[in-house]
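In this text, residue positions in the sequence shown follow numbering that gives the first Met the number 0: the first is 0, and each later residue adds one.
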Amino acid sequence: MWERSQVERLTGLSRHMIQDLCYHNTKGGGLGFWEPAVSKPGYSRFDEGDLLMFYLVGQLKRAGFTLREVEPTVFAILENDDSLVRTLQGKADELHARRAELADQLSALECLKDAVSSKPADCLYAVMEAVLVQSVDRAVEDAGQGLDATREEVDTVHALLLDVARGMMGELRYGADCFDAADDMSGAQRCLGEARASVANLLRRGMVPTGPVACGFVRRVSRKLARRCALDTPVETRAHADLIMRALAHVLGDVESGVPVELLFGNGSYAFLSQAFRACTAGAGQGR
């Protein structure tokens with residue numbers, strides 16, 4: 000027989016949790032689903048079966064199960080059906096979702112930290128740029144995996160789209176006039192100016208974002224950007240254009256991109272562009 004203090008040391012469970020498992024009327028709202036080998040007022044002893052059960056509870060606790068989830072899980076282990084598999088899979092899904100949520104929160108904190116060193120007037124734009132850069136980072140990697148792109152292709156397109164993102168933020172911060180001199184305007188910024196005019200025209204004409212005219216615009220923008228990073232061969236240009244188009248579809252799928260896109264391209268542009276790129280990408284099929 001083992002005393003409760005021994006069980007605590009062996010299993011890592013606290014005195015209160017052992018009480019909650021064995022008794023109903025504890026302060027924390029005990030479950031009372033497990034009866035120790037010896038249980039008397041102010042006195043309890045635990046045998047091998049108790050020790051094994053508390054060991055199991057300790058493992059469940061490590062896996063993130065709450066006190067209320069312990070009882071059904073313990074009984075699921077004793078069943079012969081697939082209830083335990085479903086229970087464990089459900090907990091795994093919950094933990095993965097929490098991990099993804101925490102990753103998003105940490106990512107948002109990094110963006111806010113990046114803005115701390117900026118001037119007060121630039122602080123908001125610094126946050127926006129950091130968020131947009133993170134979106135580009137994720138988008139190019141995801142698009143590259145979907146197309147089995149080479150590392151060189153991914154890196155080349157990544158550098159190009161970072162230039163586009165920073166060009167967007169430069170125009171939002173300082174206005175398009177700051178890039179009016181040809182010598183000061185990068186290729187990406189020229190594409191931005193042309194794209195802005197084209198989007199305004201498409202919106203003014205009431206074009207359907209999933210229609211052929213909008214898809215033609217998406218393909219032209221993707222090819223024009225691709226020609227700036229390919230080595231003048233049709234195969235390379237086509238590969239880069241596919242990667243650019245899919246990466247931009249990913250970026251436009253991020254709700255965080257909505258505000259900078261709307262501010263730069265005009266009211267209604269984000270919904271139009273996100274639908275157009277998504278539809279055109281879906282129509283392009285899978286693979287290279």
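Glycine residues also receive a C-beta, built at the ideal position from the N, C-alpha and C atoms.
- Out of S4, D49, T10, the CA that lies nearest to the CA of C21 is found in D49.
- Note: Y42 is bridge-paired with K39 in the DSSP secondary-structure output.
- Between D80 and E7, the alpha-carbon positions lie close to 32 Å from each other.
- With a cut-off of 8 Å on Cβ pairs, the segment 146-158 is in contact with the segment 234-248, counting three or more such pairs.
- About 7 Å separates the Cβ atoms of R172 and D121, confirming a contact at the 8 Å cut-off.
- In this structure, the CA atom of L94 is about 47 Å from the CA atom of N200.
- The beta-bridge partner set that DSSP reports for W1 consists of F45.
- Contact between the segment 268-277 and the segment 247-255 is present: 3 or more CB-CB pairs across the two stretches fall below 8 Å.
- In terms of Cβ geometry, L262 and V163 do not form a close pair [threshold 9 Å].
- Residue state for C228 is assigned as coil, using DSSP reduced to three classes.
- In this structure, DSSP gives L171 a helical state, which the three-state scheme calls helix.
- Residue burial annotation: H157 is buried, with at least 16 other C-beta atoms found within 10 angstroms of its C-beta.
- Shortest Cα-Cα distance from L108 to any of Q88, R98, A129 involves A129.
- Rounded to the nearest angstrom, the gap between the Cα atoms of D136 and A213 is 25 Å.
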